[in-house]
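> My structure is below; once you've seen it, I'll send some questions.
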Amino acid sequence: QAVTDIIFSLHSWPRAVLHIDADAFFTSCEEALHPELRGRPVVTGAERGIIACASYAAKGLGIKRGVPIGEAKRICPSLVVLPSDYETYSLFSRRMFAVMRRFSPQVEEYSIDEAFVDLTGLRRLHRCSYETLAGRIKGEIEREVGISVSAGLSLTKVLAKVGSRYRKPGGLTVIPGREIPSYLRDLPVEKVWGIGPATTALLNKMGVATALDFARLPEGLVRRRFTKRGAEIWRELRGEAVYEVSAEEKGSYASISKMKTFAPPTADGDYLFAHLTRNLESACLKARRYRLAAARLVAVLRRADFRDRAGEAVLDRPSNYPLELVEVLRGLFEGLYEKGSSYRATGVVLMDLRPDSPLQLSLFDDPPRVERVSLLYRALDEINGRYGKHTVHLASSHLLEVRGAGRRGEGTARQRTRFFGETARRHLGLPVLHLRGV
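Just so you know, the sequence shown maps onto residues 9 to 446 in our numbering.
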């Protein structure tokens, strides 16, 4: 037996973690709704002028995410360009997760198009091996939801991620303990989930180029040289489960950011600030949902040449109320905005988040006013929840209602379709299906 085998888990399946990753998710959803698009080069992102997702047929031509639409059309004149229908994509996502939950109660929604599923101990219940069970889950998603997914099954979350990337698109890769070295041997260390540029640079300086090189480092050296996160990834690569599959909805955030790209780019200061205010309202809405308040506020303006300008302010007290923060935001905007320059995106980041508490008052705060603002937003959240997000909004963002939020071309089919009882802001959870011959 090779030395590289001995250092890894010799137990067949102390844990069984499945990672499901949808293949080119946005374009896969479009192909599910429009089967005539299958096999054709398709991209989404028409409303921004930049590719948000490219089908594998488009990727085969060298068209990638983030490329301007005009440049992509020069590469492929027959390219199918669609607006991003995030409302419909979220419905496909929910259906995908619902299929997983039929097989296991422990499903962690990692992003809109990927999830971890804990299969440990479920072989007897489903009367099959873990590999067969993983294949059934993958097959049910593809049959019922109509999209392609890749899957990785292994002892840990990090190794399951390695597996799902191994045979994209549409593959299922199983990595038991004894076979870990063969899957890590040719994997560049920077491709491992959780290893960023700084850790990669350190590893390269140590002569570590592959995931297997990293996993074979002595434990004492790893603990001395790397952060807690780095040591945890090292353990996961060796087959020791450190990260649990959490079925609970994420409730803690280091920061909350909201960005908006619009087209065409604009130099209008009032319109830019309206976008920035709407970013603030959206970020604060999410912060209130999770009962968090920000102690720092960051504003971002992205120029037409894709260069960013950012400014930061430390708040007098943690807050999640736009009414309290909008003047701070205005000060940041005035310091960033260059008259005559065109901008294509704005963003707001709430940082240094803390549990929201009515006791977070500074020496100069007016307690009755703070209480009134709190009661006001309690009422506004109820109104917006009933009638649609941003039904009631700050006056400084109202220009978006008058001029629109900035979209290139017509909206998605779902945006242009109104079912009985729907409003422009409030839709039922139904996608639009296009059927021929009906």
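For glycine and all other residues, C-beta sits at the position ideal for the given N, C-alpha and C.
Thinking C61 and V51 are a contact (beta carbons under 8 Å), I'd like their distance in whole angstroms, please.
Yes, C61 and V51 are in contact; Cβ-Cβ is about 7 Å, under 8 Å.
> Could you check if H283 is buried or exposed, using at least 16 other CB atoms within 10 Å of its CB as the buried criterion?
H283 comes out buried.
> For G178, name the three-state secondary structure that DSSP assigns.
Coil, per DSSP.
> Where V157 and R310 are concerned, what is the direct C-alpha to C-alpha distance, given to the nearest angstrom?
Answer to the nearest angstrom: the Cα atoms are 34 Å apart.
> Can you list, in chain order, the stretches of the beta strand (DSSP E) that have 3 or more residues and sit fully within the stretch 19–79?
You should have 25–30 and 50–52.
> Measure the alpha-carbon distance for S265 versus R243 and round it to whole angstroms.
For S265 and R243, the distance between alpha carbons rounds to 31 Å.
> Buried or exposed: P43, going by 16 or more other Cβ atoms within 10 Å of its Cβ?
Exposed.
> Which whole-angstrom value describes the C-beta separation of I155 and A65, a residue pair presumed to lie in contact below a C-beta threshold of 8 Å?
With 8 Å as the limit, I155 and A65 do not qualify as a contact, their Cβ atoms being about 15 Å apart.
> What is the DSSP secondary structure of T208, counted as helix, strand or coil?
Here T208 sits in helix by DSSP.
> Determine the direct distance from the alpha carbon of L438 to that of T274, and round the result to whole angstroms.
The alpha-carbon atoms of T274 and L438 are separated by roughly 34 Å.
> Would DSSP call S327 helix, strand or coil?
Correct three-state label for S327: strand.
> Need the endpoints of the alpha helix (DSSP H) that V107 sits in, please.
From DSSP, the alpha helix (DSSP H) with V107 extends over Y94 to F111.
> From I120 to L210, what distance separates their C-alpha atoms?
Rounded to whole angstroms, I120 to L210 spans 32 Å at the Cα level.
> According to DSSP, is I83 part of a helix, a strand, or is it coil?
Helix, per DSSP.
> Going along the chain, which unbroken runs of the beta strand (DSSP E) with 3 or more residues stay wholly within the stretch 240–302?
The qualifying runs are 263–274.
> Please report the Cβ distance between K165 and F124, rounded to the nearest whole angstrom; I am assuming they are in contact, meaning their Cβ atoms lie under 8 Å.
6 Å between Cβ atoms; contact.
> Suppose you measure from the CA of K482 to the CA of G238; what does that come to, to the nearest Å?
What the structure shows of the chain is the stretch from 9 to 446, and residue 482 is not part of that stretch, so it cannot be assessed.
> A312 by DSSP, collapsed to three states: which one?
Three-state result, A312: coil.
> Exposed or buried, which one is P363 when buried takes at least 16 other CB atoms within 10 Å?
Classification for P363: exposed.
> Since V197 and T218 should fall inside the 8 Å C-beta cutoff, what is the C-beta to C-beta distance between them, to a whole number of angstroms?
Confirmed, about 6 Å.
> Could you have a look at T354 and say whether DSSP puts it in helix, strand or coil?
Reduced to three states, the DSSP call for T354 is strand.
> Please list the segments of the alpha helix (DSSP H) lying wholly inside the stretch 100–171, counting only runs of 4 or more residues, in order along the chain.
As far as the stretch 100–171 is concerned, its whole alpha helix (DSSP H) runs of at least 4 residues are 131–134 and 138–153.
> Measure the CB-CB distance between G202 and I241 and report whether it falls below 9 Å.
Yes, the pair counts as a contact, with Cβ atoms nearer than the cut-off.
> Please determine, among S382, T269 and M267, the residue with the shortest C-alpha to C-alpha distance to A301.
Checked all of S382, T269 and M267; the closest Cα to A301 is S382.
> Contact between the stretch 125–134 and the stretch 67–86: three or more CB pairs below 8 Å?
Verdict: no, contact absent.
> Mind the definition here: the stretch 334–343 touches the stretch 381–395 only if three or more C-beta pairs lie below 8 Å; say whether that holds.
In short, these stretches do not touch, since the Cβ pair count stays below three.
> P196 by DSSP, collapsed to three states: which one?
Strand at P196.
> Tell me P363's beta-bridge partners as DSSP assigns them.
P363 pairs with L300.
> What would DSSP say about G437, mapped onto helix, strand or coil?
Reduced to three states, the DSSP call for G437 is coil.
> Of the choices A206, G247, F427 and T207, whose alpha-carbon is the least far from that of E187?
Among A206, G247, F427 and T207, the Cα nearest to that of E187 belongs to G247.
> So if DSSP puts V322 in a beta bridge, which residue, or which two residues, is it bridged to?
R304.
> Going by beta-carbon coordinates alone, are G171 and G160 separated by less than 9 Å?
Yes, they are a contact pair.
> Keeping to the same chain, check which residues put their C-beta closer than 8 Å to that of F471; ignore five residues upstream and five downstream.
Because the chain in this structure spans residues 9 to 446, residue 471 falls outside the shown range and cannot be described.
> Contact check, S112 vs V25 under 8 Å by CB: the rounded distance?
Not confirmed; about 10 Å, so no contact.
> Quick one: any contact between the stretch 286–301 and the stretch 398–405, if contact means 3 or more CB pairs under 8 Å?
Counting Cβ pairs under 8 Å, three or more are found: they touch.
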